[in-house]
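Trainee: Quick note: to get this note's numbering, add 24 to the position in the sequence shown (first position is 1).
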Amino acid sequence: MRPRSKDVSIHPPTWYFRAREQVGRAWCLHDQDGTPAERLLQAIWFHQRLLRDRLQTTDGRKVQVVHPGFPNPEGGPDFRDALVRLGDGPVCRGDVEVDVRPRSWWEHGHDRNPRFARVLLHVVWEAATLAPDAPARGNRAENPPPPILPLCEVLDAPLPELALWLDRGENVAWPEALRGACCAPLRQLDPGQLEELLEQAAAARLEGKILWFQARARAVGWEQALWEGLFRGLGYKHNTWPMQWLAEHRCRWAEGARSVTLLQARLLGLGGLLPDEIRHLPADSDQLLRRLWDLWWRDRATLEDCCLPRNAWRLHGVRPANHPQRRLALVAHWLARPDWVRSLEIWCTTEHAESDLAPSLLRLLQPPSDPFWSWHWTVQSTRLPQPQPLIGEARVTDLAVNVILPWLAARARTVKPPLLWERLQRWYFAWPAGEDNALLRLARQRLLAGRVPRGLLRRAATQQGLLQIVRDFCDHANAACEGCPFPARVREWAAAAQGAGKED
Ligand code: SF4
Numbered sequence: 025m026r027p028r029s030k031d032v033s034i035h036p037p038t039w040y041f042r043a044r045e046q047v048g049r050a051w052c053l054h055d056q057d058g059t060p061a062e063r064l065l066q067a068i069w070f071h072q073r074l075l076r077d078r079l080q081t082t083d084g085r086k087v088q089v090v091h092p093g094f095p096n097p098e099g100g101p102d103f104r105d106a107l108v109r110l111g112d113g114p115v116c117r118g119d120v121e122v123d124v125r126p127r128s129w130w131e132h133g134h135d136r137n138p139r140f141a142r143v144l145l146h147v148v149w150e151a152a153t154l155a156p157d158a159p160a161r162g163n164r165a166e167n168p169p170p171p172i173l174p175l176c177e178v179l180d181a182p183l184p185e186l187a188l189w190l191d192r193g194e195n196v197a198w199p200e201a202l203r204g205a206c207c208a209p210l211r212q213l214d215p216g217q218l219e220e221l222l223e224q225a226a227a228a229r230l231e232g233k234i235l236w237f238q239a240r241a242r243a244v245g246w247e248q249a250l251w252e253g254l255f256r257g258l259g260y261k262h263n264t265w266p267m268q269w270l271a272e273h274r275c276r277w278a279e280g281a282r283s284v285t286l287l288q289a290r291l292l293g294l295g296g297l298l299p300d301e302i303r304h305l306p307a308d309s310d311q312l313l314r315r316l317w318d319l320w321w322r323d324r325a326t327l328e329d330c331c332l333p334r335n336a337w338r339l340h341g342v343r344p345a346n347h348p349q350r351r352l353a354l355v356a357h358w359l360a361r362p363d364w365v366r367s368l369e370i371w372c373t374t375e376h377a378e379s380d381l382a383p384s385l386l387r388l389l390q391p392p393s394d395p396f397w398s399w400h401w402t403v404q405s406t407r408l409p410q411p412q413p414l415i416g417e418a419r420v421t422d423l424a425v426n427v428i429l430p431w432l433a434a435r436a437r438t439v440k441p442p443l444l445w446e447r448l449q450r451w452y453f454a455w456p457a458g459e460d461n462a463l464l465r466l467a468r469q470r471l472l473a474g475r476v477p478r479g480l481l482r483r484a485a486t487q488q489g490l491l492q493i494v495r496d497f498c499d500h501a502n503a504a505c506e507g508c509p510f511p512a513r514v515r516e517w518a519a520a521a522q523g524a525g526k527e528d
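1. Looking at the strands, I want to know which residues DSSP matches up with P179.
2. Where does the unbroken alpha helix (DSSP H) through E98 begin, and where does it stop?
3. For D323, does the count of other Cβ atoms within 10 angstroms reach 16, so buried, or fall short, so exposed?
4. Pick from D499, W445, L107 and Q72: whose alpha carbon is nearest that of E375?
5. By Cβ distance, which residues of its chain are closer than 8 Å to T264, with the 5 residues on each side in sequence left out?
6. What's the C-alpha gap between W517 and R468?
7. Buried or exposed for H132, please, with buried defined as at least 16 other CB atoms from any protein chain shown within 10 angstroms of its CB.
8. Excluding five sequence neighbours on each side, which residues of the same chain lie with their C-beta closer than 6 Å to the C-beta of P333?
9. Distance, Cα to Cα, S283 vs L218?
10. Hey, could you find the ends of the alpha helix (DSSP H) Q558 is sitting in?
11. Could you work out which residue in P299, A228 and L352 is closest to Q288 when comparing CA atoms only?
12. Mapping DSSP to helix, strand and coil, what is F103?
13. Candidates R437, G458 and N461: which alpha carbon is nearest R234's?
14. What did DSSP end up calling D460 once you bin it into helix, strand or coil?
15. If you measure from the beta carbon of L65 to each beta carbon in chain D, is any gap under 8 Å?
16. Grouping DSSP H, G and I as helix and E and B as strand, with all else coil, what is C505?
17. With distances taken between CB atoms, is the gap from N167 to H146 smaller than 8 Å?
18. Going by C-alpha distance, which of L381, L175 and L339 is nearest R483?
19. Less than 8 Å between the beta carbons of W397 and R350, yes or no?
20. Please go through the same chain and pick out, in chain order, the residues whose beta-carbon is closer than 7 Å to the beta-carbon of L222, but skip the five residues on each side of it.
21. Would the beta-carbon of L354 fall within 8 Å of that of I415?
22. Between which two residues does the beta strand (DSSP E) holding H146 run?
23. Tell me the rounded alpha-carbon separation between V32 and R203.
24. Please report how far the alpha carbon of A155 lies from the alpha carbon of T82, in whole angstroms.
25. Using three-state DSSP, classify Q412 as helix, strand or coil.
26. To the nearest angstrom, report how far apart G253 and R513 are at their CA atoms.
27. Quick one: is S367 buried, meaning 16 or more other Cβ sit within 10 Å of its Cβ, or exposed?
28. For ligand 1, is there a heavy atom less than 7 Å away from the beta-carbon of P511?
29. Using a 10 Å radius around the Cβ and a threshold of 16 neighbouring Cβ atoms, would you call I370 buried or exposed?
30. By alpha-carbon positions, which one of V108, G100 and P114 ends up nearest to R136?
31. Just the C-alpha distance for V403 and G293, rounded to the nearest angstrom, thanks.
32. Grouping DSSP H, G and I as helix and E and B as strand, with all else coil, what is Q66?
33. From what residue to what residue does the beta strand (DSSP E) around V532 run?
34. Give every residue of the same chain whose Cβ lies closer than 8 Å to the Cβ of L213, excluding the five residues on either side of it in the sequence, and list them in chain order.
35. Run through DSSP, which three-state label would L368 get?
36. Could you please give me the residues that DSSP links to Q80 through a beta bridge?
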């Protein structure tokens with residue numbers, strides 16, 4: 025029997041419950057036909073509010089869900105790294121896409137999107153409309169439609185009831201069963217122990233970055249190693265590799281380039297990021313683009329072998345402030361200053377108050393106002409009502425803990441001025457927290473059940489420590505944490521700490 029709105033009954037029917045029920049209904053039901061919204065289906069899948077022993081694909085295979093996967097807040101399938109067994113097959117690891125209707129596989133272009141290549145299950149509300157809607161694309165489809173699992177007959181409660189009781193926001197509380205196996209031992213630690221554990225992980229992360237810079241400096245020199253780190257950092261998570269490529273060819277494109285505009289022209293030209301179409305642009309964009317193309321035309325032939333295709337970049341879903349055009353415009357300002365690297369070294373030889381660490385570095389990394397880039401996110405975007413800085417404090421923190429402090433620390437350690445090394449370590453552990461992101465949110469939920477002791481993540485180092493645990497342990501285990509040694513190590517560490525405390 026398909027559950028409908030009227031199936032729900034909540035006691036006692038007070039004013040508050042009735043008001044809440046209306047909200048739940050509005051959120052969960054699209055229209056009169058009682059079709060649920062996609063977000064509700066996602067919540068149902070995530071919390072597995074299903075008759076789990078009755079799940080079956082439309083082609084008749086039994087579905088056993090070992091793990092529903094992790095919510096994916098970025099582009100691509102809704103859940104990553106699920107563990108699912110279909111029929112008598114083995115437990116497979118892959119992604120899960122949730123849509124109201126099966127035809128969304130084609131309508132939303134999932135069949136042509138490489139990010140959907142690992143989808144092993146398409147979860148839908150009902151499958152009745154599949155056959156007439158499947159387009160005749162023939163061999164053109166890149167991702168064949170995955171097995172379809174309809175939910176409408178297998179909910180464990182009526183739909184409006186689920187809508188009322190399931191969390192809806194980004195900070196949705198994870199069901200107990202989906203938390204990491206380390207969640208329980210971590211919860212046993214007192215806030216001071218947890219902080220110490222994260223700091224130790226952060227120290228391991230810093231050490232890894234120092235070793236990377238030392239190795240890279242041996243191969244290409246200290247300054248080149250720094251530029252590569254900065255370019256990668258400015259590539260953010262999606263465009264690290266094209267940025268690295270550009271940095272690696274610095275000796276070619278930086279030769280003889282002293283002006284900001286010439287450097288911007290070369291970097292944008294090499295990156296394939298200069299738009300070909302100049303017509304119909306606002307006057308200031310048109311003017312800049314003509315100037316950049318004029319400069320780039322002269323150099324293009326000699327730099328041809330370093331050019332990147334435009335599709336080397338991932339631009340979909342990138343925030344305007346993080347657009348590679350804008351990042352390259354920024355780095356051109358730094359490169360145009362011959363004393364820029366030296367100014368970083370001078371910055372670290374001066375003592376800064378903890379509260380001035382990020383602001384003092386921001387002052388150094390913030391270029392003077394740019395007549396075009398301070399007023400436009402990208403080459404083609406319209407003029408902004410207010411000027412926007414080319415770099416903000418969040419990006420500065422990111423560059424500080426991932427690139428600048430590790431690079432300076434690597435240098436300090438190599439030339440052995442112990443005071444500088446100690447200062448850089450102190451700064452690393454005192455640096456204020458960076459911007460929250462999807463990976464940190466996921467780690468907080470999986471490892472700490474979303475319950476973070478007050479103030480624990482107010483420093484970048486503890487955030488870095490959390491990310492390092494994900495890198496060191498979660499990335500080597502499956503969603504069910506099978507074989508992960510971290511929980512046992514935490515228990516041992518806590519027991520040893522307790523024993524040491526008793527002896528004291
Ligand atoms: S894989 Fe290991 S570290 Fe990650 S959540 Fe599971 S138990 Fe914790």
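All residues carry an ideal CB built from backbone N, CA and C; glycine is no exception.
Mentor: Result, derived from the coordinates:
1. In the sequence as presented, Pro is not what sits at residue 179; that position holds Leu. Paired residue(s): L74.
2. Taken as a continuous stretch (DSSP letters only), E98 belongs to no alpha helix (DSSP H), as it is neither H nor E.
3. buried
4. W445
5. R256
6. 20 Å
7. exposed
8. G296
9. 49 Å
10. There is simply no residue 558 to check, as the chain begins at 25 and stops at 528 in what is shown.
11. L352
12. strand
13. According to the sequence provided, residue 234 is Ile. The question's Arg does not apply to it. Comparing Cα-Cα distances from I234 to each of R437, G458 and N461, the minimum goes to R437.
14. coil
15. Checking the listed chains, one finds no chain D in this structure; it contains a single protein chain.
16. coil
17. no
18. L381
19. yes
20. T486, G489 and L490
21. yes
22. V143 to V148
23. Legend: pLDDT at V32 = 40, less than 50; position of this residue unreliable, no value from coordinates given.
24. Summary for A155: the model assigns pLDDT 46, below 50, so the residue's position carries little reliability, and this model does not support an answer.
25. coil
26. 33 Å
27. exposed
28. yes
29. exposed
30. G100
31. 12 Å
32. helix
33. Any question about residue 532 goes unanswered here, given that the chain covers just 25 to 528.
34. L221, V514 and A518
35. helix
36. K86
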